[in-house]
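Structure record follows, encoded as structure tokens.
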Amino acid sequence: MDARDDVEVNDTLVIPAAELTWRFSPSGGPGGQHANTSNTRAEVVFDIAASAVLTDAQRRRLLGRFGPRLSISVDDTRSQTRNRQLARERLAARLAEALRPAKPRRATKPSRGAKERRLQEKRRRSQLKANRRRRDGDD
Numbered sequence: 002m003d004a005r006d007d008v009e010v011n012d013t014l015v016i017p018a019a020e021l022t023w024r025f026s027p028s029g030g031p032g033g034q035h036a037n038t039s040n041t042r043a044e045v046v047f048d049i050a051a052s053a054v055l056t057d058a059q060r061r062r063l064l065g066r067f068g069p070r071l072s073i074s075v076d077d078t079r080s081q082t083r084n085r086q087l088a089r090e091r092l093a094a095r096l097a098e099a100l101r102p103a104k105p106r107r108a109t110k111p112s113r114g115a116k117e118r119r120l121q122e123k124r125r126r127s128q129l130k131a132n133r134r135r136r137d138g139d140d
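If you count the sequence shown from 1, position 50 lands on 51 in the working numbering, and the numbers rise without skipping.
See below:
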């Protein structure tokens, strides 16, 4: 394995190929004899808990999100090489998304119009339900 097999997650994190475990199996679905004889489904497993390239903060964040291992399985194409490439890309995307810090929420106040619409809708629903009630003398 060489550096081309490494997974570049972002500017600061590259997962070496040695930390990835690959498994291949026959892909399901159409494809005829080719699908029956070729192991084109690619599954890559990244052991988050045992990784040497993650910082403690990155490891905590990924363990909280995915658990000790992250597994990506791809059988989109008939080519094992292309499925391997797609699996690396999807692994990088999932890790990058999980490591991206969450935007802090800024508290906002509902506008006057929004408050009035909410109250108007409550009055309308209340009136609708009141009209369904049984009145005295209705039998």
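We put the beta carbon where it would ideally sit given N, CA and C, even for glycine. This one's a predicted model, so the numbers in the text were calculated from it and none came from an experiment.
Setting aside the 5 residues that flank it on each side, Val-54 is surrounded in the same chain by Leu-14, Val-15, Ile-16, Pro-17 and Glu-20, each with a C-beta closer than 8 Å to its C-beta; the list follows chain order. By the neighbour-count definition (other C-beta atoms within 10 Å, threshold 16), Arg-24 is an exposed residue. Taking the C-beta atoms as reference points, Leu-92 is found no nearer than 8 Å to Leu-63. Within a 10 Å sphere around the beta-carbon of Arg-89 sit 16 or more other beta-carbons, which makes this residue buried.
Annotation note: the segment 60-122 contains the following uninterrupted beta strand (DSSP E) runs of length 3 or greater, listed N- to C-terminal: 70-75.
In the DSSP assignment, Ser-26 falls within the unbroken beta strand (DSSP E) covering 21-26.
DSSP, read as helix, strand or coil, puts Arg-42 in strand. As computed with DSSP, Val-15 is found in a beta bridge with Glu-9.
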